[in-house]
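These notes concern the structure reproduced below.
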Amino acid sequence: MIVLAFDTSSPTTTVAVVDSSAGAGPEVRQRVLAGVDGDDGRRAADSLAPAIAQVLESAAGQSAGLAVDRVDLIAVGVGPGPFTGLRVGLMTARVLGHTLGVPVVGVVSLDALALATAASDVGSGLVVATDARRREVYWAHYAAGVRVAGPSVGSPATVEVGGRAVVGRGASIYPTVLGEPVSDVLDPPAWAIAHLAVTAAVGDRLPPDPLYLRRPDAVEPTGRKRVSAP
Numbered sequence: 215m216i217v218l219a220f221d222t223s224s225p226t227t228t229v230a231v232v233d234s235s236a237g238a239g240p241e242v243r244q245r246v247l248a249g250v251d252g253d254d255g256r257r258a259a260d261s262l263a264p265a266i267a268q269v270l271e272s273a274a275g276q277s278a279g280l281a282v283d284r285v286d287l288i289a290v291g292v293g294p295g296p297f298t299g300l301r302v303g304l305m306t307a308r309v310l311g312h313t314l315g316v317p318v319v320g321v322v323s324l325d326a327l328a329l330a331t332a333a334s335d336v337g338s339g340l341v342v343a344t345d346a347r348r349r350e351v352y353w354a355h356y357a358a359g360v361r362v363a364g365p366s367v368g369s370p371a372t373v374e375v376g377g378r379a380v381v382g383r384g385a386s387i388y389p390t391v392l393g394e395p396v397s398d399v400l401d402p403p404a405w406a407i408a409h410l411a412v413t414a415a416v417g418d419r420l421p422p423d424p425l426y427l428r429r430p431d432a433v434e435p436t437g438r439k440r441v442s443a444p
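Taking the numbering used here, I'd label the letters of the sequence shown as residues 215 to 444.
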């Protein structure tokens, strides 16, 4: 199965094409044919489409005959994350899925980061914390690779670390509150998005709907504003 995976929930726009061999659950074997992590500071709206084109072209050279119409599944991070970034990624996933006629599966982005840093979970549990801006973090708790609390959003001081290992960009920004991150992986990687999409049971697969956790700053007016006569 050829999976095109990407995530735009963090400052790093990540894209990968993954060849997932047949298997069950965590026994699924993956080979990353091509991947790119955007670190040039461009917004997802500008960087995502070129990155997808780049990895598809590169993957074609790694797997003889791979073409866009050979993609079997699209996996996309659903957040939590900023409104604009998530919207770009999810709309792109939906359009590509419709165009190619392939399923689109959503993955909680914090789960992908937890998977990518699973070696850091040494028994005491794991806290994943990413940057939510406004001096807040998106966070979730994991035990033995399973999410047991969250996703939630709040100030770093409200996150109950309780001796757990901490990973993610949020920890790198607020180390004095959350503790130093125990992994240099700060953002969800696309290969982990692909893995979780493939290994999820069909009934547990998420739709490509955004997980914002808070309302966007700009909202449509709910009624007419009364204007007083001069």
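Note that the Cβ used here is the ideal one computed from N, Cα and C, for glycine as well.
Computed from a predicted model, the values in this text were never measured in an experiment.
Cβ neighbours of residue i in the same chain (closer than 7 Å, five flanking residues each side left out)
| i | result |
| --- | --- |
| residue 203 | One cannot answer for residue 203 here, as it falls past the ends of the chain, which runs 215 to 444. |
| residue 289 | 217, 219, 319, 321, 407, 408, 411 |
| residue 382 | 327, 342, 343, 344, 395, 400 |
Neighbourhood of residue i by C-beta distance below 6 Å, restricted to the same chain and skipping five residues each side
| i | result |
| --- | --- |
| residue 370 | 351, 388, 391, 392 |
| residue 419 | 319 |
| residue 245 | 233 |
Straight-line Cα distance separating residue j from residue i
| i | j | result |
| --- | --- | --- |
| residue 366 | residue 227 | 22 Å |
| residue 217 | residue 305 | 17 Å |
| residue 332 | residue 359 | 7 Å |
| residue 346 | residue 384 | 8 Å |
| residue 425 | residue 295 | 7 Å |
| residue 349 | residue 267 | 35 Å |
| residue 362 | residue 355 | 6 Å |
| residue 413 | residue 301 | 25 Å |
| residue 314 | residue 285 | 8 Å |
| residue 329 | residue 428 | 25 Å |
| residue 486 | residue 235 | Absent from the structure is residue 486, since the part of the chain shown begins at 215 and ends at 444. |
Alpha helix (DSSP H) segment containing residue i, residue limits
| i | result |
| --- | --- |
| residue 366 | Not the alpha helix (DSSP H): residue 366 falls in the beta strand (DSSP E), residues 360-368. |
| residue 386 | 383-387 |
| residue 375 | Taken as a continuous stretch (DSSP letters only), residue 375 belongs to no alpha helix (DSSP H), as it is neither H nor E. |
| residue 325 | 323-330 |
| residue 450 | This structure cannot settle anything about residue 450, because the visible part of the chain is limited to 215 through 444. |
Counted within 10 angstroms of its Cβ, other Cβ atoms place residue i as buried (16 or more) or exposed
| i | result |
| --- | --- |
| residue 323 | buried |
| residue 395 | buried |
| residue 416 | exposed |
| residue 222 | buried |
| residue 261 | buried |
| residue 243 | exposed |
Where the beta strand (DSSP E) through residue i begins and ends
| i | result |
| --- | --- |
| residue 245 | 244-252 |
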